[in-house]
Structure formats: C-alpha cells, structure tokens
Amino acid sequence: MAAARTVRGTRDLLPEDSARLRAVEGTAWQTAQRFGYGEVATPIFEFTEVFARTLGDTSDVVTKEMYTFNDRGGDSLTLRPENTAGIVRAFISNSLAAQLPQRIFYRGPMFRYERPQKGRLRQFHQIGVELLGAADPLADVEVISLAHEFLCALGLGGAITLELNTLGSSESRAAYRTRLVDYLQGHRERLSVDSLERLERNPLRILDSKDAGDRAVIAGAPALADSLDGPSGEFFAAVRAGLNDLEIPHHINPRLVRGLDYYCHTTFEFTTEHLGAQGTVLAGGRYDGLVAQMGGPPTPGTGWAAGVERLMMLSGVQAVMPRPVAMIALGREQSGAALRLARRLRQSGQTVQFAFGTSLGKQMKWANRIGARLAVIVGSDEVARQVATVRDMDAGAQEEVSLDLLEERLAQSA
Ligand code: ATP
Ligand code: MG
1 MAAARTVRGT
11 RDLLPEDSAR
21 LRAVEGTAWQ
31 TAQRFGYGEV
41 ATPIFEFTEV
51 FARTLGDTSD
61 VVTKEMYTFN
71 DRGGDSLTLR
81 PENTAGIVRA
91 FISNSLAAQL
101 PQRIFYRGPM
111 FRYERPQKGR
121 LRQFHQIGVE
131 LLGAADPLAD
141 VEVISLAHEF
151 LCALGLGGAI
161 TLELNTLGSS
171 ESRAAYRTRL
181 VDYLQGHRER
191 LSVDSLERLE
201 RNPLRILDSK
211 DAGDRAVIAG
221 APALADSLDG
231 PSGEFFAAVR
241 AGLNDLEIPH
251 HINPRLVRGL
261 DYYCHTTFEF
271 TTEHLGAQGT
281 VLAGGRYDGL
291 VAQMGGPPTP
301 GTGWAAGVER
311 LMMLSGVQAV
321 MPRPVAMIAL
331 GREQSGAALR
341 LARRLRQSGQ
351 TVQFAFGTSL
361 GKQMKWANRI
371 GARLAVIVGS
381 DEVARQVATV
391 RDMDAGAQEE
401 VSLDLLEERL
411 AQSA
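Counted from 1, the sequence shown has number 229 at position 229 by the numbering used here; the numbering is strictly sequential.
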C-alpha cells in the first residue's frame with residue numbers, strides 16, 4: 001500500500017535515530033560556536049535559479065539530481081540539494097556584507113535525486129560552515145581545523161584522512177583551464193560522453209572522472225601544479241603551514257578539483273576507508289567568485305559541508321536517552337495526586353512517564369519495558385500519610401519516601 005510507504009531513498013528517524021542525529025549535529029554546533037560561528041537557517045526550498053546559477057547548469061547536481069517543481073503560483077522552486085547557495089543568497093538578501101567576516105554554521109535536510117545505496121539517500125542531512133569575507137589563507141586553515149576538531153570530538157580522529165589540493169588564483173586557474181582544454185581537444189575521440197559535455201562548460205571536472213578511458217587521457221594531461229603563479233603557490237604554502245602549526249596531517253591529492261569557475265585556491269576532503277564507495281564524509285573549499293556571481297558585492301568565501309548519515313554510520317555515536325521515572329497510581333482515586341506529583345518531579349528536572357491503567361502487575365511490566373530506573377507508586381493509604389513507595393527497578397528494593405523529600409531522593413539515584 002503506497003500510502004504506508006516512504007519514498008525511495010527517504011526514511012523515518014525513530015527516537016533513537018533522532019537522538020544520534022542530534023548528537024552528531026550538536027557536536028558540530030558546539031565546536032562551531034567555540035570558533036565564534038552563528039547558526040543561519042535558510043528555507044529548505046528556494047527559487048530554482050538560486051541553485052541553477054550557483055551550481056552551474058552542467059553540474060551533476062543541477063542536471064540530474066534536483067527536486068524541482070512549479071508551485072501553484074507558477075514559480076519554479078527547488079528543494080535545496082546543498083546549502084552554500086542558500087547561505088550566499090541569505091548573505092546578499094540580508095546585507096550581511098556590512099560586517100565582515102561572517103562566520104556561519106548550518107544544519108538540516110538536503111534533497112538529491114540519486115540512486116539510493118549505503119551512505120546515499122534522497123533526503124539526507126548536512127552540517128556545514130561558511131566563512132565569508134576573509135581572503136586570508138588562515139581562513140581556510142580555520143574552517144579545516146574546525147572540521148578536524150569536530151571529527152575528533154566524534155572520536156573519528158583515527159578513521160579519517162585529510163586530502164588537500166589547490167586550484168590556484170582565478171587567473172592561474174583560467175590559464176590552466178586553457179592548457180587543459182587544448183590538450184583534451186587533441187584526445188576527444190577517447191573521452192567519455194559525459195566528459196565531452198564537460199569539456200565545454202567545466203573541463204576541470206574531467207580530472208575527477210572515474211571512466212577508464214578518461215583516466216588514460218588524464219594521465220598524460222598537464223599538471224595543475226605546474227600552472228600555479230607565484231601568489232597561488234604562496235597561498236597554498238600558507239594554508240599548509242597553518243595546518244602544520246596545528247599538527248593536522250594532510251595529503252596532497254591533485255585530483256581534488258571542483259569544476260565551477262568561482263572555485264579557487266584550496267579544496268579539501270576528509271575521507272574514510274570504512275564506508276566503501278561513499279568514503280567522503282566532509283568536503284569543502286574556497287569559492288571567492290560565488291557571491292559576486294549571485295549578484296552580491298565581491299566577497300571571498302570558504303567553507304565545507306559534511307554528510308550526517310555517513311558520520312553516524314562511522315562514529316557509532318550512541319543515543320543518550322534519559323532513563324525515566326515511572327509514575328504509577330494504584331486506582332483512579334489516586335490519579336490526581338499522581339498527576340500533581342509527576343508535574344512536580346518534571347519541574348525538578350526528572351523525566352517522568354505516567355502509567356495508564358490500574359493493574360499494578362501490568363504497570364510494573366511496562367515500567368520494566370521502558371527501562372525505568374525508578375517507579376513511584378501512589379496508593380490510597382500512602383497519599384493519606386503523605387508518602388509514596390519508590391521502587392528501584394534494577395535492585396528490586398523498595399522504600400517509603402515522604403512526599404516532601406521525593407525530589408531529593410530521586411536526585412540521589414539519578
Ligand atoms: P558524492 O561524491 O558522494 O556524491 P558530493 O560531491 O555530491 O559527494 P557534496 O556535494 O560535496 O558531495 O556534499 C558534502 C557531503 O554530503 C558529502 O561528502 C557526503 O558526506 C554528503 N552527501 C552528499 N550526497 C549525499 C547523499 N545523497 N546521501 C547522503 N550523504 C550525501
Ligand atoms: Mg554527489
């Protein structure tokens with residue numbers, strides 16, 4: 001029955017899944033806050049052109065992966081496939097350039113029409129940061145070290161590798177592009193259909209192709225590193241020096257390229273060998289041309305995004321669910337007293353679940369099933385004497401506690 005199924009590539013988060021997701025997001029947010037980042041939440045849908053213009057009409061995301069629809073007013077809208085475009089749109093809409101740099105954190109669901117598999121969903125979650133208005137290579141060092149600290153806080157320090165590359169300044173990148181296209185034009189007949197398409201619009205992306213024929217051609221291509229002008233080399237050296245100052249290990253991976261024209265200088269990925277083909281958990285880079293391309297004041301930018309589901313699979317973070325207190329009324333007449341007691345205990349910070357029904361046997365079974373650490377049992381003669389029975393569910397021992405002292409007693413065994 002379609003009415004009771006989720007759409008392919010989407011899934012429900014049950015309480016434990018949600019708790020684990022929150023734990024990963026919360027760790028990222030705590031780390032980002034210590035670096036002075038503030039959270040920006042943009043709408044999950046935007047005008048389609050926000051993404052079409054920023055991601056480029058030839059990127060895989062735009063050509064194959066977007067959830068685009070016309071709303072009832074006839075506007076073309078798209079569920080966000082990523083959040084950098086939305087953040088930059090918000091940066092412009094809210095005139096945030098008045099105060100630079102801007103340190104922005106975000107989290108939330110993203111939507112891409114992809115073939116679902118392990119670590120690849122159609123609705124998934126990202127967390128990310130964007131640092132806008134800082135052209136300094138130390139800004140790249142900052143966002144990379146923030147990522148590194150976050151991943152270490154998740155206990156992943158030993159499971160991940162940082163790969164790093166540079167595309168150079170916009171000028172040296174453009175010069176390289178010309179050299180690359182000249183070379184690839186000479187080998188057109190050996191390129192894949194996808195790469196022939198990329199040759200026109202984002203030839204650098206061909207360097208990242210997984211097609212065997214493409215790879216053979218790429219092996220002989222001029223190296224990007226040889227096209228770096230002096231300032232580009234210095235910029236990259238400064239990024240690496242900053243990472244070395246912080247003792248953050250990294251490998252240079254010359255294949256790490258981003259196809260679009262507004263990317264420059266630093267690109268990086270944190271990868272793992274523990275997730276099979278979906279090994280990239282966090283990816284980012286510098287995008288100095290993006291704000292201007294979207295119609296804002298020319299503003300440099302750098303940042304990254306991480307896939308929360310992949311991090312959840314990798315880190316095995318456990319859900320932290322508080323063990324509740326079970327509140328049990330022995331009979332209808334005691335329900336008023338039990339309700340008031342439950343409220344009092346919740347106000348003192350306890351997690352209290354109320355038992356429905358009146359069979360003590362069933363209620364105790366239920367208290368066991370929910371993993372209650374204590375049961376508070378309210379009977380008629382106890383109410384009269386202003387006491388309640390507190391049962392320690394693990395030890396099986398029970399005692400009478402004066403209602404006045406209940407909060408104190410519960411706090412003791414928390
Ligand atoms: P991939 O090569 O895996 O498709 P990407 O280059 O499309 O990744 P980005 O756009 O850089 O990924 O997104 C940043 C991160 O978001 C990825 O490194 C990954 O952890 C996560 N991610 C991307 N797409 C998905 C998806 N469909 N399902 C789950 N996580 C995803
Ligand atoms: Mg992808």
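No residue lacks a Cβ here, since even glycine has one placed at the ideal position from N, Cα and C.
_Short Cβ contact (8 Å threshold) for T48 with S76_ = As a working note, residue 48 is residue 48 in the sequence shown. As a working note, residue 76 is residue 76 in the sequence shown. Going by C-beta atoms, T48 is nearer than 8 Å to S76.
*What residue does the alpha helix (DSSP H) around R8 start on, and which one ends it?*
Walking along the sequence shown from the start, residue 8 turns up at place 8. Unbroken run through R8: none, as it is neither H nor E.
*If we cut at 8 Å on Cβ distances, does V217 have a partner in chain C?*
The displayed structure is made up of one protein chain only, and chain C is not part of it.
*Straight-line Cα distance separating L256 from R205*: As a working note, residue 205 is residue 205 in the sequence shown. As a working note, residue 256 is residue 256 in the sequence shown. Taking the straight line joining both Cα atoms gives about 9 Å.
*What's the gap between the Cα of L406 and the Cα of R323?*
The residue given as residue 406 occupies position 406 in the sequence shown. The residue given as residue 323 occupies position 323 in the sequence shown. For L406 and R323, the distance between alpha carbons rounds to 17 Å.
_What residue range does the alpha helix (DSSP H) around F47 cover?_
Residue 47 sits at position 47 when you count from the first residue of the sequence shown. Taken as a continuous stretch (DSSP letters only), F47 belongs to no alpha helix (DSSP H), being part of the beta strand (DSSP E) at 45-47.
_Integer Cβ distance of L132 from G276, believed to fall under 8 Å_ = Residue 132 sits at position 132 when you count from the first residue of the sequence shown. Residue 276 sits at position 276 when you count from the first residue of the sequence shown. Wrong, their Cβ atoms sit about 34 Å apart, outside the cutoff.
*Indicate whether P109 and I160 have their beta-carbon atoms separated by less than 8 Å.*
In the sequence shown, residue 109 corresponds to position 109, counting from 1. In the sequence shown, residue 160 corresponds to position 160, counting from 1. It is not a contact, given that the beta carbons lie outside the stated cut-off.
_Whether or not the stretch 62-74 and the stretch 98-113 are in contact is what I'm after, with contact meaning three or more pairs of Cβ atoms, one per stretch, closer than 8 Å; do they touch?_
yes
*Roughly how many whole angstroms lie between the Cα atoms of R173 and S227?*
On the sequence shown, position 173 is the one that residue 173 refers to. On the sequence shown, position 227 is the one that residue 227 refers to. Looking at the two C-alpha atoms, the distance is approximately 8 Å.
*CB of D60 to nearest heavy atom of the ligand MG: below 7 Å?*
By one-based count along the sequence shown, residue 60 stands at place 60. Within the cutoff, so yes.
*Taking only the alpha-carbon atoms, compute the straight-line gap between D208 and D71 and give it to the nearest angstrom.*
Taking the sequence shown and counting its residues from 1, one reaches residue 208 at position 208. Taking the sequence shown and counting its residues from 1, one reaches residue 71 at position 71. If you take the alpha carbons of D208 and D71, they lie about 36 Å apart.
*Hey, quick one: how far does the alpha helix (DSSP H) through F235 stretch, first residue to last?*
Numbered from its first residue, the sequence shown carries residue 235 at position 235. Where F235 is concerned, the enclosing alpha helix (DSSP H) stretches over 230-245.
*What is the DSSP secondary structure of A326, counted as helix, strand or coil?*
What you label residue 326 is simply residue 326 of the sequence shown in a count that begins at 1. Strand, per DSSP.
*Return the residue from the list A395, V390, G396, A397 that minimises the CA-CA distance to E408.*
On the sequence shown, position 408 is the one that residue 408 refers to. It is V390 whose Cα lies nearest to the Cα of E408.
*asked:* Only counting the same chain, and skipping five residues up and downstream in sequence, which positions put a Cβ closer than 8 Å to that of D392?
replied: Your numbering for residue 392 matches position 392 in the sequence shown. Cβ within range, chain order: R373, L374, Q398, S413.
_Whole-angstrom C-beta distance between V40 and A90, which should lie under 8 Å_ = Within the sequence shown, residue 90 is the residue found at index 90, counting from 1. Within the sequence shown, residue 40 is the residue found at index 40, counting from 1. Indeed they touch by this definition, with Cβ atoms about 6 Å apart.
*asked:* Beta-carbon within less than 6 Å of G371's beta-carbon, same chain only, minus the 5 sequence neighbours each way: which residues are those?
replied: Working through the sequence shown from its first residue, we reach residue 371 at position 371. Around G371: R323.
*With respect to the beta strand (DSSP E) encompassing V387, which residues constitute its N-terminal and C-terminal limits?*
Here residue 387 is taken as the residue at index 387 of the sequence shown, counted from 1. Residues 387-392.
*In whole angstroms, what separates the C-alpha of D404 from that of R122?*
As a position in the sequence shown, residue 404 is number 404, starting the count at 1. As a position in the sequence shown, residue 122 is number 122, starting the count at 1. Approximately 53 Å, taken between the alpha carbons.
*Taking E163 and F268 to be in contact with their CB atoms under 8 Å, please state how far apart those CB atoms are, rounded to whole angstroms.*
Residue 163 sits at position 163 when you count from the first residue of the sequence shown. Residue 268 sits at position 268 when you count from the first residue of the sequence shown. Contact holds; Cβ gap of about 6 Å.
*Answer yes or no: do G303 and V129 have a C-beta to C-beta separation smaller than 8 Å?*
Along the sequence shown, one-based indexing puts residue 303 at 303. Along the sequence shown, one-based indexing puts residue 129 at 129. Taking 8 Å as the Cβ cut-off, G303 and V129 qualify as a contacting pair.
*How many angstroms separate the CA atom of R107 from the CA atom of L282?*
Taking the sequence shown and counting its residues from 1, the one referred to as residue 107 is at position 107. Taking the sequence shown and counting its residues from 1, the one referred to as residue 282 is at position 282. Straight-line Cα distance between these residues: approximately 13 Å.
*Taking the alpha carbon of T351 as the point to measure from, which residue in V61, L246, A342 has its own alpha carbon closest?*
Sequence index remark: in the sequence shown, residue 351 carries index 351 (1-based). Out of V61, L246, A342, A342 has the C-alpha closest to the C-alpha of T351.
*Collapsed DSSP secondary structure at L55 in the structure displayed*: As a first step, residue 55 is located in the sequence shown; it is residue number 55 there, counting from the start. Helix.
*Kindly indicate which residue of I92, A319, S335, A223 has the alpha-carbon position closest to the one of L14.*
As a working mapping, residue 14 is identified with position 14 in the sequence shown. Proximity to L14 across I92, A319, S335, A223 peaks at A319, based on C-alpha coordinates.
_In chain order, what are the residue ranges of uninterrupted beta strand (DSSP E) at least 3 long that sit wholly in the stretch 299-378?_
301-307, 325-329, 352-354, 374-378
_Only counting the same chain, and skipping five residues up and downstream in sequence, which positions put a Cβ closer than 6 Å to that of G296?_
Walking along the sequence shown from the start, residue 296 turns up at place 296. The answer, listed in chain order, is I92.
*Pick from G230, R34, N83, T272: whose alpha carbon is nearest that of I127?*
Counting from one through the sequence shown, the residue named residue 127 turns up at place 127. Selected option, being the one with the closest Cα: N83.
*asked:* Considering only heavy atoms of the ligand ATP, does any lie closer than 7 Å to the CB of V281?
replied: Walking along the sequence shown from the start, residue 281 turns up at place 281. Result yes, Cβ under 7 Å from the ligand ATP.
_Distance, S95 Cα to A329 Cα_ = Counting from 1 along the sequence shown, the entry for residue 329 is found at position 329. Counting from 1 along the sequence shown, the entry for residue 95 is found at position 95. When rounded, the distance between both Cα atoms is 58 Å.
_Residues in the same chain with beta-carbon distance under 6 Å from G9, minus the five sequence neighbours each way, listed in chain order, please._
As a first step, residue 9 must be located in the sequence shown, where it is residue number 9. Cβ neighbours of G9 beyond the five flanking positions: P116, L121, R122.
*Between G279, T272, Y263, A395, which lies nearest to L290 when the distance is taken from Cα to Cα?*
Counting from one through the sequence shown, the residue named residue 290 turns up at place 290. Of the listed residues, the one whose Cα sits closest to L290 is Y263.
*For the beta strand (DSSP E) containing S76, list its first residue and its last residue.*
The residue you call residue 76 lines up with position 76 of the sequence shown. Residues 76-79.
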